[in-house]
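Q:
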Amino acid sequence: MSEVILGHNVTIGSNVTFGHYVVIKDNVTIGNNTHIGDFCIIGEISNPFAQEIEHTVVGKNCLLRSNTIIYAGARIGDYVHTGNRAIIREQSEVGNNVMIGLQSELQGDCSVGEYSRIQSNVSVGKYTKIGSYVFIYPNCVFTNDNTPPSGASDGSSIGDFSQICTGVIILPSTIIGRFCLVSAGSRVAGLYMDDVWIDGSPASNKGKLSKMPFFNKSGKRHYPWPLQYDAGMPWQGLNFLEWAKERKIELPDIF
Amino acid sequence: MSEVILGHNVTIGSNVTFGHYVVIKDNVTIGNNTHIGDFCIIGEISNPFAQEIEHTVVGKNCLLRSNTIIYAGARIGDYVHTGNRAIIREQSEVGNNVMIGLQSELQGDCSVGEYSRIQSNVSVGKYTKIGSYVFIYPNCVFTNDNTPPSGASDGSSIGDFSQICTGVIILPSTIIGRFCLVSAGSRVAGLYMDDVWIDGSPASNKGKLSKMPFFNKSGKRHYPWPLQYDAGMPWQGLNFLEWAKERKIELPDIF
Amino acid sequence: MSEVILGHNVTIGSNVTFGHYVVIKDNVTIGNNTHIGDFCIIGEISNPFAQEIEHTVVGKNCLLRSNTIIYAGARIGDYVHTGNRAIIREQSEVGNNVMIGLQSELQGDCSVGEYSRIQSNVSVGKYTKIGSYVFIYPNCVFTNDNTPPSGASDGSSIGDFSQICTGVIILPSTIIGRFCLVSAGSRVAGLYMDDVWIDGSPASNKGKLSKMPFFNKSGKRHYPWPLQYDAGMPWQGLNFLEWAKERKIELPDIF
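Residue numbers (the working numbering), protein chains in the order written: chain V, 1 to 255; chain G, 256 to 510; chain L, 511 to 765.
#1: Considering only C-alpha positions, which residue in the set G:D415, G:I355, G:T284 is nearest to L319 of chain G?
#2: Using only the alpha-carbon positions, how far apart do M511 of chain L and V533 of chain L sit?
#3: Between H498 of chain L and chain G, is there a C-beta pair that is closer than 7 angstroms?
#4: Just tell me which of L:E554, L:G523, L:D619 has its CA closest to the CA of T638 of chain L.
#5: Mind checking which residues open and close the alpha helix (DSSP H) that includes A257 of chain V?
#6: Between which residues of its own chain and G455 of chain G is the CB-CB distance below 7 angstroms, once the five residues before and five after are set aside?
#7: Name the DSSP bridge partner or partners of R187 of chain V?
#8: Which whole-angstrom value describes the C-beta separation of G669 of chain L and F652 of chain L, a residue pair presumed to lie in contact below a C-beta threshold of 8 angstroms?
#9: Of the choices L:C550, L:N656, L:A560, L:K535, whose alpha-carbon is the least far from that of I597 of chain L?
#10: Give, in chain order, every unbroken run of the beta strand (DSSP E) that is at least 3 residues long and sits entirely within the region 321-370 of chain G.
#11: Give me the Cα-Cα distance between N287 of chain G and S162 of chain V, rounded to the nearest whole angstrom.
#12: Give me the residue from L:S630, L:L612, L:G605 with the minimum Cα distance to S621 of chain L.
#13: Spatial neighbours of S408 of chain G within its chain, please: C-beta separation below 6 angstroms, excluding the five flanking residues on both sides.
#14: Of the choices L:G623, L:I563, L:N557, L:N577, whose alpha-carbon is the least far from that of Y589 of chain L?
#15: With a threshold of 7 angstroms between beta carbons, is Y478 of chain G in contact with chain L?
#16: Take I297 of chain G as the anchor and find which of G:T323, G:E307, G:H275 has the nearest alpha-carbon.
#17: Can you give me the Cβ contacts of T657 of chain L inside the same chain, cut-off strictly under 8 angstroms, excluding the 5 residues immediately before and after it?
#18: Tell me where the beta strand (DSSP E) around D253 of chain V begins and ends.
#19: Given a threshold of 16 other Cβ atoms within 10 Å of its Cβ, counted over all protein chains shown, does P224 of chain V qualify as buried or as exposed?
#20: Residues of chain L with CB under 7 angstroms from G406 of chain G, in chain order?
#21: Below 7 angstroms on C-beta distance, what does L426 of chain G contact in chain L?
#22: Within this structure, are the beta carbons of R344 of chain G and Q362 of chain G separated by less than 7 angstroms?
#23: Who are the neighbours of G125 of chain V on chain L, taking C-beta pairs under 8 angstroms?
#24: Counting along the chain, where does the beta strand (DSSP E) carrying D454 of chain G start and finish?
#25: Taking the straight line between their C-alpha atoms, what separation do you get for C435 of chain G and G77 of chain V?
#26: Between the Cα of K211 of chain V and the Cα atoms of V:D253, V:H55, V:I175, V:A184, which residue gives the shortest distance?
#27: Is G292 of chain G near E309 of chain G, with beta carbons less than 7 angstroms apart?
#28: For S720 of chain L, name the three-state secondary structure that DSSP assigns.
#29: Rounded to whole angstroms, what's the CA-CA distance from I12 of chain V to H290 of chain G? Just pull it up for me.
#30: Quick one: give me the first and last residue of the beta strand (DSSP E) that I552 of chain L is part of.
#31: Count the other CB atoms within 10 Å of the CB of Q746 of chain L; is the residue buried (16 or more) or exposed (fewer)?
#32: By how many angstroms is the C-alpha of Q103 of chain V removed from the C-alpha of R178 of chain V?
#33: Does F273 of chain G come within less than 7 angstroms of chain L when only Cβ atoms are used?
#34: Using a Cβ-Cβ cut-off of 7 angstroms, state whether M511 of chain L counts as contacting chain V.
#35: In chain L, what lies closer than 8 angstroms to S456 of chain G by C-beta?
#36: Mind listing the chain V neighbours of F724 of chain L? Cutoff is C-beta to C-beta under 8 angstroms, in chain order.
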């Protein structure tokens, strides 16, 4: 641990382990059993001459892979995993059991629920809200200014259980419901209810996702996907409907 | 500063500050009051066995955020800010007050004017010329070879005050005038005059941008944008038209 | 070399050189004359608490530019060059003379033949197979799950001598033949034979590439390109057809 550089007012839980050349800046709290990989920076500040530095919290049992940067003021839950070079900026909140992939960025003032997975090279603009159990595939971008440049910060929101496929551009103020799927390469604006298949550039509502002929390798209709897939999800090994009922999650009538 | 590794023939101005684990290679000049963040490399060389290493210049009052890499032979103006992991390659010139965002790359022999802002994950191919007061949003790519692979380097050029929205692909030898806007996700080739709205994949001229019904939150027609937005621009707090007149900037007749 | 951190069971050839702050983890072999740049990590492990760490091999005469990460279990051939921050993950195999560009990622269980060049910010999903003499331009993504999320890993394959232009999305299980070209910004699925021009989103077969009016600066039909371009290729300075004959490469009847 001789190579870890520690700032002032740093609180480190028990069994925390560090890689090489780690930089922990001021006012950082790290929970028990978390691992901070090589070359990570925790508590990064946008302005190195700032007088006041906000408190940064990394939860317990997290795994921050090498070169991850967490900005001052971000709050990371428990059991969060990051890919190499993930970046989480000021005021963003990341729920428990989330994965943020390689070189992906959550800009400031974003929120991510629980068990969501953001894959590689995703750029999440300021004020975006991402629900729980959401998967975002590589190279998606979430924008936030309808008349650039204007200083507006019209973040979008993605409902629980939705899937945003590779290379999607989400335009400002887009609202996507739960259990939706946006196809790869789409450019999306507007408002979508639950269970919608969204496709195209510009994208449109292609109908109810659960009625579409999307069959998985077992030959079953794949959507709504939580009935078909549970790896790493909190209903793993359980019946999804019972799990949802117990959690008092109100499901749409596609179940 | 004990962790800063300094090469030969390095000139560092007054009040320059360094983060941790910074590597400054040979033949580098850094201006007064500049900050070089953690893990930055200044004067990076493409071939580690090169005999002659070109002179690298970083201006004064710059802020190079952590993990920025500046290649040998690049010349960076004053008051330039980089996002984490920005990369500026050999022979590229960056004007004063420019921002180069997270993980964006200026390949070799590029130029950027003044006060332009390149956001995250932008890939700017060799020989691209970007004017002043230009904004380039995340994940844009500037290409330079019409018949790949051919070794051609047909860079594009973007006129002053133009806006290149998220995820745009600029094909080789594209010329875009001043005060244009290219919509998100477009794939652009060809020649465009001033004040054009460019949209689509493949993109086309959709008409005069200043005539389009793009209204900002104040309910005003937003383009030409310098009448509506001035944050961080040199006309901030001034009348744009007077500022332009004083600077002898010849404006198109949309003003 | 005092800053190189060396794990257990590391074998380093003769004339290997290191940049600053390099981390070599356990069970790594590095061939003669290879250079490992600043901040590289060789033998990176996904789970820092893993008991068994696979053997990582980097060949001879390689140039790994700064911040490259090679995961444990990857096997890199000779004369391989990486751009800054390239990432090669577990079980992936990279042939001789390949270039992997800036911030590009080969996810696990991928293979790349010989003399192929992957440019910047390319995301290559698990189980993708890339042939030899293939060029992949910036920001392409190779996906691998047709009904996300399903845990499927249906990698695609790209035939020898094919060109995948900027910003292409390759959907799962796509098979592209030899001597093809996919235009910038296309979204591709399905099966394509040799010598096909593929374009559009969704993409389709636009006809025989060698019959298309794609002329290079010398005014010659550019495809099949190996007759027009040889820089860095093994037939450089030779007659391509004779080189191919000697290598017993069976060419399609477009030659």
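For glycine and all other residues, C-beta sits at the position ideal for the given N, C-alpha and C. Since the model is a prediction, treat every value here as computed from it, not as a measurement.
A: Let me lay it out:
#1: The shortest C-alpha separation from L319 of chain G is found at G:I355.
#2: Any answer about M511 of chain L is weak, because its pLDDT of 43 lies below 50 and its placement is not dependable; what the coordinates show is given next. If you take the alpha carbons of M511 of chain L and V533 of chain L, they lie about 11 angstroms apart.
#3: With chain L covering 511 to 765 only, the question about residue 498 of chain L has no answer from this structure.
#4: L:D619
#5: Since the first and last residues shown for chain V are 1 and 255, residue 257 of chain V lies out of range.
#6: Taking C-beta separations shorter than 7 angstroms and ignoring five residues to either side along the sequence, the partners of G455 of chain G in its chain run S441, following chain order.
#7: V:I169
#8: Actually they do not touch by this definition, with Cβ atoms about 14 angstroms apart.
#9: Sorting L:C550, L:N656, L:A560, L:K535 by C-alpha distance to the C-alpha of I597 of chain L places L:C550 at the top.
#10: 324-326
#11: Taking the straight line joining both Cα atoms gives about 50 angstroms.
#12: L:G605
#13: K381, Y382, N399
#14: L:G623
#15: At a cut-off of 7 angstroms between beta-carbon atoms, Y478 of chain G makes no contact with chain L.
#16: G:T323
#17: none
#18: Membership of D253 of chain V in any beta strand (DSSP E) is not indicated, and neither H nor E is assigned to it by DSSP.
#19: buried
#20: Y739, A741
#21: Simply A694.
#22: Between R344 of chain G and Q362 of chain G, the C-beta spacing is below 7 angstroms.
#23: Within chain L, no residue comes near G125 of chain V; the closest Cβ sits about 18 angstroms away, beyond 8 angstroms.
#24: 451-455
#25: 43 angstroms
#26: V:D253
#27: no
#28: The answer is helix: DSSP assigns S720 of chain L an H, G or I state.
#29: 28 angstroms
#30: First-last of the beta strand (DSSP E) with I552 of chain L: 551-554.
#31: exposed
#32: Straight-line Cα distance between these residues: approximately 26 angstroms.
#33: no
#34: In this prediction, M511 of chain L scores a pLDDT of 43, lower than 50, which makes its location untrustworthy; the coordinate-derived value is nonetheless stated afterwards. Chain V contact via Cβ: absent.
#35: G695, S711
#36: Here the premise fails: no neighbours, minimum Cβ distance about 24 angstroms.
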